[in-house]
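Student: My questions all concern the structure below.
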Amino acid sequence: MTVKTSIPATEGLSAGHLACQGCGATLSMRYALKGLGQETVLVIPACCWTILAGPAPMSSVDVNVVHSPFACAAATACGVKHGLVSRGDEATCVVAWGGDGGTFDIGLQALSGAADRDEDILYVCYDNEAYMNTGIQRSGGTPRGAWTMTTPGPAGADRPKKDLDAIIAAHRPRYQATATPAYAEDMVRKFKKARAIKGFRFIRILAPCPPGWKYESGDTVALSRLAVQTGMFPLWESEEGRFRLNLSPGKRKPVGDFLRRQARFRRLTAEDEAAIQAQVDAAWEDFAKRA
Amino acid sequence: MRKTLMGNHAAAVAVRLARTGVVAAYPITPQTQVVEALAEMKATGEFPGRFVRVESEHSAMACLVGAAQAGARTFTATSSQGLAYMHEMLHWVSGARLPVVMAEVNRALGAPWILWTDQTDSLAQRDTGWLQFYCSTNQEILDATLIAYRVAEELLLPVMVCYDGFTLSHTYEPVDVPDQALVDRYLPPIQYPYALDIKEPRAFSALPKPQEYFRLRRRMDADMQRAQEEVAVAEEEFAELFGRRYSAVEGYQAEDAEVLLVTSGAPASTALDAVDRLRAKGLKAGNLRIRQFRPFPTAQLRRFLRPGVKLAVVDRNYSMGHHGIFCEEIKSALYAMPNPPQVFGYVAGLGGGDITPELLCEAWEDCAAGRGDLNAPVWLEDSR
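So the sequences go chain by chain: S and Y. Residues 1 to 291 (the working numbering) make up the first sequence, in order. Residues 1 to 384 (the working numbering) make up the second sequence, in order.
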């Protein structure tokens, strides 16, 4: 049987990358590059992708990569764009590609500055919900209750995940979207769309991480899908402030289907799970109003 | 054309004359007028480059990393806390071999809050791999900025043009603003050899092996050493085209001096007056002005030193627990001489206190009278 998809057959990511088995951030890069094409420059701050892009002189992607220090992917990307434009190149798409630590936490100031100036860049956060490259420490993207190396107690992380999407939305970006690799067509379409828009654009990808979330590496796509089906990670986009839900999960699966497959949530009690379910339900009531 | 410019405007004019492609700007006293002047020139169309109003100094330098990697000629300006805040990026710029030029308007560092000049901010960036020039006049600010671009793009190393906050930055002086055509001859369009090319994708600053890192650092130092010669060549060509001559170390009445003041920045012009006053009293005084801190001009300095001469190094900067920073560097540079001169340190004007001719005469006379201590600096306070 042949399955027809809208996803381009071109491959911008080579097989020789250094990712862990089942890495969601790697699947995400593969689809992103299919949507972005070769006229792209990636600016990568300290994150897993610092390593995955390959040690010198190798590279696992077929586009230019400019590595940057942790706090300044957005500012460096702005500079690349201004430098290219000053030399007459308006066409190249400049993409900052950072993890949740480099986006929610240390890179937030530079990101806010770039969004505020409506810089002509696309900022992508592949959110694997902790500092995974340094070995699983809590970040602003870590959800409440998750175990990390710096939240080792029985309660796990004691604060809710920072609402980065709301922070970005408050900057009134040209385009904002969420994506996750189980929905590859949706992701590729969003990258194509973002590429064609001028001004500040932002995509947050939920990128499951087998060693960080503690699940079998074959379950990445299943967890990516369950995050959407349980309503914990809604797929949406917003163009010039016009909000649209991309996928209505219909009858949502219980959040436990997503949580219980990950050992990082092993210590959650039935009450914890019920509280998370209630939060998700409330969030969906809000979505229903916005959409 | 001769104009009356404050130091900050002299820097901005140089950036326009250099046809800089990307300026990233963030305000901080006493540098702010540099970027204000560029914003104004941008608004009137006089400055056609890109002007990015970043949200911090860290982002200013990060933005220039991107722009320079894309092949653009770049500029920013900062002072004090701003420079300290971009410290991480200073290492990144030099390591990535990007020819960024920055005006660094010297201002003391807090705490406590302090607005006025001293050089500890820039001298504390000693090991970041940037060339550093120290200016004594507004004319020199303009000229050194043009020379900085020339040298940076030849060596693929960044250059900091440093000058005293308020004393130079906010003071008007007559400045010869050269013709654009002449500047274009001196400074052709930038040809950055490692500019990113969409058709030939590469990874920039990716993780190397230790051995490769070691070799890159060694090569960087070789280019920093080569800068001694390249800066001299750039200054020579500058003199031929513009008629103004600079060198890494400049002597005044140095030939027969028994004690040489050693100064930098604005106090180095005050020192000329101090030397004249001492000479008028029949004393054999002289001055050495250090214009270049990195690479440190060891050979140029030694050329001025006769056996038996004593150096009175006046530092408006300090390395806690040790010495004034120029004093410390000079001692290190002269250690390997057969009969090195005695070097005495004088610390003055930290946080912007005036370094007057009287104060410089006091340092000279203290040194000449043999009251100095080779192992510890003398702290000179302007008593007026």
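Idealized CB from N, CA, C, for every residue including glycine.
Using the beta-carbon of each residue, which ones in chain Y are nearer than 9 Å to Cys78(S)?
Tutor: Chain Y residues near Cys78(S): Ala24, Val52, Val54, Ser59, Ala62, Cys63, Gly66, Ala67.
Student: Output yes or no for whether 8 Å exceeds the beta carbon distance between Gly282(Y) and Ser169(Y).
Tutor: Result no, Cβ atoms of Gly282(Y) and Ser169(Y) do not sit closer than 8 Å.
Student: With a cut-off of 8 Å on the beta carbons, I'd call Gly113(S) and Ala73(S) a contact; round off their distance for me.
Tutor: In fact, because the Cβ distance is near 12 Å, the residues do not count as touching under 8 Å.
Student: List, in chain order, every chain Y residue whose beta-carbon is nearer than 9 Å to that of Arg117(S).
Tutor: The answer, in chain order, is Val52, Arg53, Val54, Glu55.
Student: Expressed to the nearest angstrom, what Euclidean distance is found between the alpha-carbon atoms of Tyr134(Y) and Thr298(Y)?
Tutor: Rounded to whole angstroms, Tyr134(Y) to Thr298(Y) spans 16 Å at the Cα level.
Student: Among Phe243(S), Lys81(S), Gly153(S), Gly88(S), whose alpha-carbon lies nearest the alpha-carbon of Val95(S)?
Tutor: Per the Cα distances, Lys81(S).
Student: For the beta strand (DSSP E) that contains Gly286(Y), what are its first and last residues?
Tutor: Here the beta strand (DSSP E) through Gly286(Y) covers 285-290.
Student: Which residues of the region 187-202 of chain Y have a Cβ closer than 7 Å to any Cβ of chain S? Give them in chain order.
Tutor: Taking 7 Å as the Cβ-Cβ cut-off against chain S, the residues of the region 187-202 of chain Y that qualify are Leu196, Ile198, Pro201, Arg202.
Student: Taking a cut of 7 Å between CB atoms, which residues from the region 121-146 of chain Y lie near chain S?
Tutor: Correct list: empty, as no residue qualifies.
Student: Sort Ala71(S), Val228(S), Ile205(S), Phe243(S) by Cα distance to Gly256(S) and report the nearest one.
Tutor: Per the Cα distances, Val228(S).
Student: Helix or strand or just coil, what does DSSP make of Glu285(S)?
Tutor: Glu285(S): helix per DSSP, three-state reduction.
Student: By a C-beta neighbour count over all protein chains shown, 10 Å radius and 16 as the cutoff for buried, is Asp179(Y) buried or exposed?
Tutor: When all chains shown are included, Asp179(Y) counts as exposed.
Student: Exposed or buried, what is Glu339(S) when buried is set at 16 or more other beta-carbons lying within 10 Å of its beta-carbon?
Tutor: Residue 339(S) lies beyond the range of chain S shown here (1 to 291); nothing can be said about it.
Student: Figure out for me which residue from Gly265(Y), Leu260(Y), Leu64(Y), Arg150(Y) has the closest Cα to the Cα of Ala285(Y).
Tutor: That would be Leu260(Y), whose Cα lies nearest to the Cα of Ala285(Y).
Student: Going along chain S, which residues have a C-beta under 7 Å from Trp92(Y)?
Tutor: Those within 7 Å of Trp92(Y) in chain S are Pro69.
Student: Compute the Euclidean distance between the alpha carbons of Pro173(S) and Gly199(S), then round it to the nearest angstrom.
Tutor: Spanning the two alpha carbons is a distance of roughly 8 Å.
Student: Report buried or exposed for Tyr335(Y), applying the criterion of at least 16 other Cβ atoms within 10 angstroms of its Cβ.
Tutor: Exposed, because fewer than 16 other Cβ atoms sit within 10 Å of the Cβ of Tyr335(Y).
Student: Interface residues of chain Y around Asn64(S) at Cβ under 8 Å?
Tutor: By Cβ distance, chain Y contributes Leu196, Asp197, Ile198, Pro201, Arg202, Ala203, Phe204.
Student: Using a Cβ-Cβ cut-off of less than 9 Å, give me the residues of the region 82-113 of chain S that come near chain Y, in sequence order.
Tutor: Listed by position along the chain: His82, Gly83, Leu84, Val85, Ser86, Arg87, Asp89, Ala91, Thr92, Val94, Gln109, Ala110, Ser112, Gly113.
Student: Kindly indicate which residue of Thr40(S), Leu226(S), Met149(S), Thr103(S) has the alpha-carbon position closest to the one of Ile167(S).
Tutor: Closest option to Ile167(S), Cα to Cα, is Thr103(S).
Student: Looking at C-alpha atoms only, which residue of Arg264(S), Gln176(S), Arg225(S) is the closest neighbour of Tyr215(S)?
Tutor: Measuring from the Cα of Tyr215(S), the nearest candidate turns out to be Arg264(S).
Student: Roughly how many whole angstroms lie between the Cα atoms of Glu153(Y) and Gln191(Y)?
Tutor: Each residue's alpha carbon lies about 8 Å from the other.
Student: The region 206-239 of chain Y: which residues have C-beta closer than 7 Å to a C-beta of chain S, in chain order?
Tutor: Listed by position, the residues of the region 206-239 of chain Y near chain S (Cβ gap below 7 Å) are Ala206, Leu207, Pro208, Glu212.
Student: Can you tell me which residues form a DSSP beta bridge with Gln228(Y)?
Tutor: According to DSSP, which records beta bridges pairwise, Gln228(Y) is partnered with nothing at all.
Student: Run the proximity test for Met58(S): is its beta-carbon closer than 7 Å to any non-hydrogen atom belonging to the ligand ATP?
Tutor: Ligands displayed in this structure: none; no statement on the ligand ATP is therefore possible.
Student: Taking just the CA atoms, how far does Leu90(Y) sit from Arg50(Y)?
Tutor: Their backbone Cα atoms lie some 21 Å apart in a straight line.
Student: Let me know if Thr76(Y) comes out buried or exposed under the rule of 16 or more other beta-carbons within 10 Å of its beta-carbon.
Tutor: Looking at its Cβ environment, which holds 16 or more other Cβ atoms inside 10 Å, Thr76(Y) is buried.
Student: Sort Val65(Y), Ala96(Y), Ala206(Y) by Cα distance to Thr50(S) and report the nearest one.
Tutor: Closest by alpha carbon: Ala206(Y).
Student: For Ser139(S), is the classification buried or exposed, using 16 other Cβ atoms within 10 angstroms of its Cβ as the cut-off for buried?
Tutor: Buried, because 16 or more other Cβ atoms sit within 10 Å of the Cβ of Ser139(S).
Student: Helix, strand or coil: how does DSSP classify Pro69(S) here?
Tutor: Coil, per DSSP.
Student: Who are Val151(Y)'s beta bridge partners in DSSP?
Tutor: DSSP lists no partner for Val151(Y).
Student: Throw me the rounded Cβ distance for the Val61(S) and Val41(S) pair, which I believe falls under 8 Å.
Tutor: With 8 Å as the limit, Val61(S) and Val41(S) do not qualify as a contact, their Cβ atoms being about 11 Å apart.
Student: Name the chain Y residues whose beta carbon is nearer than 8 Å to that of Glu240(S)?
Tutor: Here the premise fails: no neighbours, minimum Cβ distance about 23 Å.
Student: Pick helix, strand or coil for Met29(S), following the three-state DSSP scheme.
Tutor: The answer is helix: DSSP assigns Met29(S) an H, G or I state.
Student: Using a Cβ-Cβ distance cut-off of 8 Å, determine whether Pro154(S) contacts chain Y.
Tutor: So no, Pro154(S) is outside the interface.
Student: Cys93(S) and Glu11(S) look like a contact to me (Cβ under 8 Å); what is the Cβ gap, rounded to whole Å?
Tutor: The pair is not a contact, with the Cβ atoms about 18 Å apart (cut-off 8 Å).
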